[in-house]
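In the UniProt record's numbering, the protein residues as written are 1 to 748. A virtual CB, placed ideally from N, CA and C, is assigned to each residue, including glycine. The block underneath contains the structure these notes are about, expressed in structure tokens.
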């Protein structure tokens with residue numbers, strides 16, 4: 001075996017990584033996630049449609065299993081996994097996602113409420129009629145380039161010969177590396193009118209285009225409420241569209257009216273419908289509104305219908321505005337009209353997209369009519385040869401009968417070579433010598449059948465020749481005259497619009513900002529109760545007074561607070577969780593309540609509660625924090641009045657945890673008790689005040705493996721006695737020491 005000379009190339013590692021990552025990013029952008037501006041399709045969509053065309057799964061043929069389509073596409077053109085291909089196929093068949101569905105699905109292809117499609121082995125599909133006529137037609141006329149597939153065994157179109165601006169009609173969404181595309185769907189008829197206007201006037205402005213394209217047209221309907229912003233969005237190709245659902249008022253019996261949502265924002269499709277229902281239920285539970293009595297989703301295949309039952313004399317307008325403000329019934333659709341143009345990703349305005357589309361249409365038409373012209377010129381040559389042959393058919397028959405082989409006949413017909421051919425007369429030989437048919441004409445004459453010599457057949461041939469001449473003149477006119485080609489393109493667009501255009505679904509208007517008056521909460525005193533299992537509730541003060549003994553014995557935390565206040569929960573992990581009292585269920589004394597895990601970010605499996613107190617009291621106090629390792633500090637209570645639901649209440653060293661948090665004043669004494677029975681009593685004045693983000697100072701010097709177990713506080717003239725290992729310890733009798741000393745051991 002020959003020794004192979006190793007060649008080591010030394011290079012900068014960062015350069016190699018940069019080049020490799022850029023190559024990868026461009027591959028994702030161009031070959032996976034971003035659609036081409038010409039046909040508005042991503043590679044997976046293009047390949048799936050072309051594969052269906054190749055398999056003959058046309059709109060007037062039987063459906064075929066999606067598994068067959070997916071497998072064939074993956075094996076021939078798209079080696080990136082079956083799920084991406086099937087998902088693409090499903091989306092192209094969903095009427096609620098696409099302005100113009102390209103695939104006719106048969107079976108369970110999912111629903112607007114987020115139900116997924118059935119597995120590909122159960123569903124079937126075929127091409128839609130428009131896909132066949134406006135997306136895949138003329139592929140046999142050399143209108144687009146064909147490129148090798150991933151393994152070089154097949155050819156696939158680099159782009160489909162799409163006759164309409166699919167990028168605008170169906171929109172697009174995709175996430176690539178470092179960039180994203182989000183193009184809303186538009187109305188087919190409006191977009192075709194805009195294309196026609198641009199063909200007729202290439203200096204047309206975006207403002208003038210918007211006389212044809214009013215704005216997006218989502219398949220889910222809804223209302224675009226920021227009409228004035230659309231011009232800037234369509235100029236730059238980026239911006240935000242504000243969408244609202246359509247709400248209808250239906251008077252009901254006994255004054256109980258209903259609000260019915262008949263159309264939803266495009267962004268609310270799928271799981272967000274369920275979230276909307278939950279959000280409305282939450283508004284009712286948290287007493288944000290008392291106007292809604294019941295909510296039901298009555299949507300079906302006929303469309304969206306979400307019904308809100310209202311109480312008598314409900315303020316309809318205020319309620320609708322609240323839904324717009326507090327739920328996804330009003331949402332934002334981010335527009336970023338990014339597509340691959342001339343091999344590069346580019347954010348384009350509506351005029352640029354239409355101009356690229358028109359250039360593509362002229363390119364398609366040029367290639368198509370060049371191919372058709374070449375075919376007609378070939379037909380003309382053949383027809384002229386056959387007509388000429390009919391005039392000298394007797395001579396041709398004489399040549400055929402006098403020749404030894406086909407080669408002799410061809411030489412005579414093309415070049416007038418008469419050598420070796422037997423003629424009846426010298427005149428025939430002379431006439432044969434003057435023949436000058438072309439190669440194609442000579443072949444056609446030899447292949448001509450005798451019945452073509454019938455008078456009617458000759459007449460039909462002459463008529464066919466006249467039609468061919470007309471076609472040639474028409475094709476040459478189209479190829480040589482811009483207006484003629486434009487006329488042909490416009491005629492095709494008109495035919496598509498006539499058959500497939502539909503009325504606009506999405507309304508475009510300028511609407512005022514949704515303003516609703518939040519009902520002022522009637523401030524009142526309530527009692528917050530939380531049992532040892534973490535279930536919390538609030539009850540009326542009088543209910544507490546009637547059940548005081550039971551309430552105090554059954555609950556771990558009992559706090560008097562205002563319903564406008566917040567509850568602070570401090571945990572051993574050094575966190576503070578805030579709960580609005582309004583969010584805690586208010587009810588009867590025997591109601592179970594709600595776990596605090598569901599009311600805030602507290603997790604009972606990961607942290608333990610050290611203190612539960614009202615924010616009102618916390619703000620008026622100084623908080624003393626003591627940790628397991630003996631660190632201690634004071635923090636001003638106002639630092640814990642924050643907007644966030646969870647904050648770090650103190651900084652902890654690694655493996656340390658909070659043992660005690662207490663609301664006190666500045667004066668008094670503190671007693672630290674350790675696991676090994678060491679007690680240290682010192683004045684609170686010795687504890688410095690710190691910020692909540694600080695660690696604190698050492699409160700006691702601990703022996704090895706010892707830690708703080710309990711913390712006690714003594715106010716003036718406080719005579720507290722505790723039981724330590726069955727021995728009574730009077731805390732006020734302990735020796736008064738200094739902070740950061742060793743303390744006294746209690747002998748038992």
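Practice task
With a threshold of 16 other CB atoms inside 10 Å of the CB of residue 1, please say whether the residue is buried or exposed.
Solution key: Any reading at residue 1 needs caution, since the residue's pLDDT is 45, under 50, leaving its predicted position unreliable; the model's value is listed next. So residue 1 ends up on the exposed side.
Exercise for the section: For the region 289 to 302 and the region 137 to 156, state whether three or more C-beta atom pairs, one from each stretch, are separated by less than 8 Å. Expected result: no
Exercise for the section: Alpha carbon to alpha carbon, how far is residue 210 from residue 350? Give it in angstroms, no decimals. Expected result: 9 Å
Problem - residue 684 vs residue 668 beta-carbon contact at 7 Å - result: In contact: residue 684 and residue 668 (Cβ atoms closer than 7 Å).
Handout entry: Coarse secondary structure for residue 568, derived from DSSP in three states
Key = Residue state, collapsed to three classes: strand.
Practice task
Give the straight-line distance between the Cα atoms of residue 97 and residue 91, rounded to the nearest whole angstrom.
Solution key: Distance between the alpha carbons of residue 97 and residue 91: 7 Å.
Problem - residue 169 versus residue 284 - alpha carbon distance - result: 40 Å
Handout entry: Contact under 7 Å by Cβ, residue 660 with residue 626
Key = The answer is yes: Cβ separation under 7 Å.
Practice task
Note down the Cα distance separating residue 475 from residue 364, rounded to an integer number of angstroms.
Solution key: 14 Å
Exercise for the section: Take residue 331 as the anchor and find which of 371, 273, 679, 117 has the nearest alpha-carbon. Expected result: 273
Practice task
Under 7 Å Cβ to Cβ from residue 486, same chain only, skipping five residues before and after it: list those, please.
Solution key: 199
Exercise for the section: May I ask you to report which of helix, strand or coil DSSP gives residue 1? Expected result: Confidence at residue 1 is low in this model, with a pLDDT of 45, below 50, so the placement of that residue is unreliable and no value is reported for it.
Problem - Option in 160, 124, 125 with minimal Cα separation from residue 139 - result: 160
Problem - Cβ-Cβ separation, residue 621 to residue 663 (assumed contact under 8 Å), whole Å - result: 4 Å
Handout entry: For residue 346, the nearest candidate out of 479, 237, 10, 155 (CA to CA)
Key = 237
Handout entry: Alpha-carbon to alpha-carbon, residue 368 and residue 241
Key = 39 Å
Practice task
For residue 320, collect the residues of the same chain with a Cβ closer than 6 Å to its Cβ; drop the 5 residues on either side in sequence, then sort them by chain order.
Solution key: 247
Practice task
In angstroms with no decimal places, state the Cα-to-Cα distance between residue 712 and residue 292.
Solution key: So the two alpha carbons sit approximately 50 Å from each other.
Exercise for the section: Give every residue of the same chain whose Cβ lies closer than 6 Å to the Cβ of residue 376, excluding the five residues on either side of it in the sequence, and list them in chain order. Expected result: 468, 471, 472
Exercise for the section: Provide the residue span of the beta strand (DSSP E) that contains residue 629, from first to last. Expected result: Per DSSP, residue 629 belongs to no beta strand (DSSP E) and is neither H nor E.
Practice task
Starting from residue 68, follow the alpha helix (DSSP H) in both directions and report where the run begins and ends.
Solution key: 66 to 76
Exercise for the section: Look up residue 43 in the DSSP assignment and say whether it is helix, strand or coil. Expected result: The DSSP-derived three-state label of residue 43 is helix.
Handout entry: Beta-bridge partners of residue 530, as assigned by DSSP
Key = 536, 557
Problem - For residue 347, the first and last residue of its enclosing alpha helix (DSSP H) - result: It is not in any alpha helix (DSSP H) - residue 347 instead sits in the beta strand (DSSP E) that spans 344 to 347.
Practice task
Spatial neighbours of residue 745 within its chain, please: CB distance less than 7 Å, with the 5 preceding and 5 following residues excluded, ordered by chain position.
Solution key: 677, 678
Handout entry: Exposure of residue 436, with buried meaning 16 or more beta-carbon neighbours within 10 Å
Key = exposed
Exercise for the section: Give the DSSP bridge partners of residue 128, in chain order. Expected result: According to DSSP, residue 128 bridges with nothing at all.
Handout entry: Beta bridge counterpart(s) of residue 594 as assigned by DSSP
Key = Per DSSP, 536.
Handout entry: Per DSSP, the bridge partner or partners of residue 681
Key = 671, 736
Exercise for the section: Go through its chain and collect everything with a Cβ distance to residue 141's Cβ below 8 Å, but skip five positions before and after it. Expected result: The answer, listed in chain order, is 367, 368, 371, 372.
Handout entry: Alpha-carbon spacing of residue 192 relative to residue 104, whole angstroms
Key = 23 Å
Handout entry: Cβ-heavy atom distance, residue 22 to the ligand GTP, below 6 Å
Key = The model depicted lacks the ligand GTP and carries no ligand whatsoever.
Problem - Cβ shell of residue 544 (< 6 Å), same chain only, five flanking positions each side left out - result: Around residue 544: 527, 551.
Handout entry: Buried versus exposed call for residue 180 [16 or more other C-beta atoms within 10 Å across all chains shown]
Key = With fewer than 16 other Cβ atoms within 10 Å, it is exposed.
Problem - Same chain only: Cβ atoms within 8 Å of residue 656, ignoring 5 sequence neighbours per side - result: 627, 628, 629, 631
Exercise for the section: Check the C-beta distance from residue 69 over to residue 48 and give it rounded, since I have them as a contact under 8 Å. Expected result: 7 Å
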